[in-house]
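In my numbering, the protein residues as written are 169 to 443.
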Amino acid sequence: MKTVIFYYTGTGNSLWTARLLAKEIGNAALHPLSQMDTSAAIDADAVGLVFPVHMWGVPGLVLQFLKKLQKSPNTCYFAFAVNAGQVSRTIIQLKKFMALRGMVLSAGFDIVLPSNYIPWGGPGPAEKLEELYQAAREKLKRAALYIVRGEVGAVERGPLWQRIVFTALYKMTFNMIPKMDRDFWVDKKCNGCAICEKICPVGNIAMKTGKPAWLHHCEQCLACIQWCPQEALQLGKKTPMYERYRHPEIKIRDITGRAKEYFESGTLSLKNSMR
Ligand SMILES: Cc1cc2nc3c(=O)[nH]c(=O)nc-3n(C[C@H](O)[C@H](O)[C@H](O)COP(=O)(O)O)c2cc1C
Ligand code: SF4
Ligand code: SF4
Numbered sequence: 169m170k171t172v173i174f175y176y177t178g179t180g181n182s183l184w185t186a187r188l189l190a191k192e193i194g195n196a197a198l199h200p201l202s203q204m205d206t207s208a209a210i211d212a213d214a215v216g217l218v219f220p221v222h223m224w225g226v227p228g229l230v231l232q233f234l235k236k237l238q239k240s241p242n243t244c245y246f247a248f249a250v251n252a253g254q255v256s257r258t259i260i261q262l263k264k265f266m267a268l269r270g271m272v273l274s275a276g277f278d279i280v281l282p283s284n285y286i287p288w289g290g291p292g293p294a295e296k297l298e299e300l301y302q303a304a305r306e307k308l309k310r311a312a313l314y315i316v317r318g319e320v321g322a323v324e325r326g327p328l329w330q331r332i333v334f335t336a337l338y339k340m341t342f343n344m345i346p347k348m349d350r351d352f353w354v355d356k357k358c359n360g361c362a363i364c365e366k367i368c369p370v371g372n373i374a375m376k377t378g379k380p381a382w383l384h385h386c387e388q389c390l391a392c393i394q395w396c397p398q399e400a401l402q403l404g405k406k407t408p409m410y411e412r413y414r415h416p417e418i419k420i421r422d423i424t425g426r427a428k429e430y431f432e433s434g435t436l437s438l439k440n441s442m443r
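As structure tokens, this is what we get:
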């Protein structure tokens, strides 16, 4: 089975998931979805999507990608929603969104990994993180087997209360996300290294007079704040007190890319997103 896995990641959890999955499935290529030219049909028997859950649903960037993805009748689609314990209705939402575009999601899995949502605190104690990584490794093995065997039908979801309460919140916050970057600021530790500018998957940071400025088409992936080597980048009032999080097996070079150039060249355009 020839497989292509598209991933979106802020702090590496989804990239780690995609890598393990590719290894378990075999014969799988990995691509960051923010840099993918979706105008050409994808030559694969199976297409996988691996992405973080944002605000209890599918991130706008993933929806935008799917709107442009050329569907193929003989391709099987599967997805992994990487989250911190509140997957809510994400995979149901994804399945419906894909169905409207003529794509059938054969299987969707919920993978729980440490939280990178720093406004609510740091990732937690190291032993707890290791437990999460181990549980995810085991689940990924089982899920890969499910996909390789051609089984269909899995659509994992959170409990009913989550789906009711959080779906409403997802809808309320979705259109606010691009401008949530107004709460970012830098403290005096910023040395102007421009790593935040390079790591932003959507080219939403520009260095101005040696400091980052945010351009208000943010995806809130939080890569910029979590990867700043000086921990100089802050979000709101509390983040100076909170520990940063990045997946320990993912390095900065694994996720810095040419996203800005792709956006500027029009390969992907935020202006055409569903927002
Ligand atoms: C803006 C934002 C919103 C988030 N919302 C949720 C959520 O609704 N449910 C959840 O379980 N985790 C949520 N998280 C946590 C991430 O989904 C989780 O940490 C994920 O593993 C991060 O993946 P990444 O490292 O590939 O970016 C959120 C994170 C961010 C940055
Ligand atoms: S990564 Fe941090 S130190 Fe470097 S420019 Fe950005 S905010 Fe400043
Ligand atoms: S500005 Fe920061 S949070 Fe917003 S999309 Fe870029 S890296 Fe992610």
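Glycine is no exception: its CB is placed at the ideal position from the N, C-alpha and C atoms.
Could you tell me the boundaries of the beta strand (DSSP E) in which residue i lies?
i: S202; result: S202 -> no beta strand (DSSP E), and no H or E assigned at all.
i: T171; result: T171 to Y175
i: W353; result: F352 to V354
Output the distance between the C-alpha atoms of residue i and residue j, rounded to the nearest integer angstrom.
i: R257; j: A275; result: 14 Å
i: Y285; j: T341; result: 15 Å
i: R414; j: Q232; result: 25 Å
i: G290; j: R412; result: 6 Å
i: Y410; j: L401; result: 12 Å
i: R426; j: Q203; result: Bear in mind that a pLDDT of 47 at R426, under 50, signals an unreliable position, so the number given afterwards is only what the model happens to contain. Distance between the alpha carbons of R426 and Q203 is about 7 Å.
i: W288; j: K405; result: 11 Å
i: S437; j: M266; result: Caution applies to S437, whose pLDDT of 40 falls short of 50 and renders its modelled position unreliable; the value that the coordinates give is listed next. Cα to Cα, S437 sits roughly 20 Å from M266.
i: K376; j: Y314; result: 49 Å
i: L198; j: T407; result: 33 Å
i: W382; j: Y176; result: 20 Å
i: K347; j: E298; result: 34 Å
i: Y338; j: M271; result: 23 Å
i: I193; j: K356; result: 46 Å
i: A391; j: R421; result: 13 Å
i: Y430; j: A304; result: Because Y430 sits at a pLDDT of 46, beneath the cut-off of 50, its placement in the model cannot be relied upon, and the point is left open.
i: Q394; j: P327; result: 29 Å
i: L300; j: C389; result: 20 Å
i: K307; j: I279; result: 8 Å
i: C358; j: Q398; result: 6 Å
i: A294; j: A252; result: 15 Å
i: Q238; j: I210; result: 7 Å
i: L234; j: L188; result: 23 Å
i: G216; j: G378; result: 39 Å
Checking the sheet assignment: what are the DSSP bridge partners for residue i?
i: K379; result: K376
i: N251; result: V280
i: F246; result: G216 and A275
i: L225; result: For the sequence presented, residue 225 should be read as Gly rather than Leu. Bridge partners of G225: H222.
First and last residue of the alpha helix (DSSP H) that includes residue i?
i: Q330; result: L328 to F342
i: C364; result: I363 to I367
i: W184; result: N181 to I193
i: L401; result: Element bounds for L401: not the alpha helix (DSSP H) but the beta strand (DSSP E), L401 to L403.
i: T424; result: Run containing T424: none; DSSP gives neither H nor E here.
i: Q261; result: T258 to L268
According to DSSP, is residue i helix, strand or coil?
i: P220; result: strand
i: Q232; result: helix
i: L297; result: helix
i: S433; result: Annotation note: pLDDT 49 at S433 (below 50); position unreliable, coordinate value reported separately. In this structure, S433 counts as helix in the three-state DSSP scheme.
i: A196; result: strand
i: V323; result: strand
i: L390; result: coil
i: A311; result: helix
i: A209; result: coil
i: L273; result: strand
i: V316; result: helix
i: R414; result: coil
i: P287; result: helix
i: Q398; result: coil
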